[in-house]
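First the structure, in the form of structure tokens, and then the observations on it.
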Amino acid sequence: MRGRTGSTIRIRPTVLEGNLRKGLAAGAVLASLLLAGCGGQASPPAESTDASTPSAPTSEPRSARTAPAKSVEVADKCSIVTEQQSTALGADQPARERESDGKPGCTYQKGKAGTTGWGAFVAVDGGSTFSAEVGRRGEPTKRGEVAGYPVAGFDSGRGCVLFADVSDQGYLLVNILRTSTADPGIDMCQQAEQFAAAAIQNLPSA
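Under the working numbering, the first residue of the sequence shown carries the number 80, and numbering increases by one thereafter.
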């Protein structure tokens with residue numbers, strides 16, 4: 080601005096203008112910080128301290144057995160079913176101890192091999208449980224109960240494998256097979272149940 084004498088008059092910024100500029104500058108810095116924060120990646124959420132603990136492995140289902148548990152330790156394997164009992168069930172060959180699939184037991188037989196008849200292998204095993212053995216074989220052909228002990232049978236066409244829940248530490252096995260291709264004229268799983276019933280009478284209490 081020029082005065083009457085032609086000289087230039089400089090006007091100093093007022094204090095108000097200075098404060099205004101400082102405020103604008105501070106606002107610009109704050110805005111830049113906010114924009115930078117929006118453009119950055121968000122911090123990961125803190126881990127929850129109340130996360131649920133993984134559930135424990137499912138235990139075996141509770142036994143439906145209503146009768147007292149039996150021992151699965153039997154020294155004389157052919158005492159599981161007596162000679163008198165096996166004869167009443169149709170066996171006409173001498174009982175003999177043998178192993179089947181690593182399980183020691185006893186075989187009771189009607190008819191010699193190759194003739195019309197059947198052979199029943201009976202054993203008690205403490206290396207597994209009723210639920211485990213039945214569960215790994217799929218759906219049984221037949222389920223039932225013998226004197227308060229649940230049983231499950233699997234009909235193979237040639238014979239029947241039957242498991243009885245006699246203990247939490249083991250099971251009773253009856254495996255009955257034809258001695259020839261001829262039909263022996265009996266229900267194989269029903270015959271296996273009858274052998275299981277005889278064995279259950281003789282097994283000692285746990």
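Just so you know, even glycine gets a beta-carbon here, dropped at the ideal spot from N, CA and C.
For T166, is the classification buried or exposed, using 16 other Cβ atoms within 10 angstroms of its Cβ as the cut-off for buried?
Here T166 is exposed. Its C-beta has fewer than 16 other C-beta atoms within 10 Å.
For G205, count neighbouring Cβ atoms within 10 angstroms of its own Cβ and tell me buried if that reaches 16, exposed if not.
G205 is exposed by the Cβ-count criterion.
First and last residue of the alpha helix (DSSP H) that includes C268?
267-281 is the span of the alpha helix (DSSP H), which, as asked, contains C268.
Determine the burial state of Q270: buried for a count of at least 16 other Cβ atoms within 10 Å of its Cβ, exposed for fewer.
Q270 comes out buried.
DSSP three-state assignment for G214, whether helix, strand or coil
G214: helix per DSSP, three-state reduction.
S246, DSSP secondary structure in three states
For S246, the three-state secondary structure derived from DSSP is strand.
Give the DSSP bridge partners of D234, in chain order.
DSSP lists C239 as partners of D234.
From this set, P147, V160, R215, A154, which residue's C-alpha is nearest V253's C-alpha?
The option with the nearest alpha carbon to V253 is V160.
Taking the C-alpha atoms as reference points, what is the distance between D310 and F200?
Nothing can be reported for residue 310: it is not among the residues displayed for the chain, which extend from 80 to 285.
Would you mind working out which of G193, A154, R175 sits nearest A261, comparing C-alpha positions?
Residue G193 is the option with its Cα nearest to A261.
Taking the alpha-carbon positions, what's the G236 to P283 distance?
The straight-line gap from Cα to Cα measures roughly 33 angstroms.
Could you check if K191 is buried or exposed, using at least 16 other CB atoms within 10 Å of its CB as the buried criterion?
For K191, the number of other beta carbons within 10 angstroms of its own is below 16, and it is reported as exposed.
Starting from A199, trace the alpha helix (DSSP H) in both directions and tell me its first and last residue.
According to the DSSP assignment, A199 belongs to no alpha helix (DSSP H) but to the beta strand (DSSP E) extending over 197-204.
Taking DSSP as the reference, what is the three-state secondary structure of T166?
T166: helix per DSSP, three-state reduction.
Quickly, what does DSSP pair R177 with across the bridge? List them, please.
Looking at the DSSP assignment, R177 forms a beta bridge with G184.
Between which two residues does the beta strand (DSSP E) holding E224 run?
Taken as a continuous stretch (DSSP letters only), the beta strand (DSSP E) holding E224 covers 221-225.
Could you tell me the distance, in whole angstroms, from the CA atom of S178 to the CA atom of C157?
Before going on, a small fix: residue 178 reads as Glu here, not Ser. Going from the Cα of E178 to the Cα of C157 covers about 12 angstroms.
With 16 other CB atoms within 10 Å as the buried threshold, where does Q286 fall?
Because the chain is modelled from 80 through 285, residue 286 falls outside the range shown and cannot be assessed.
K156 (DSSP reduced to helix, strand or coil):
Of the three classes helix, strand and coil, the one that applies to K156 here is helix, per DSSP.
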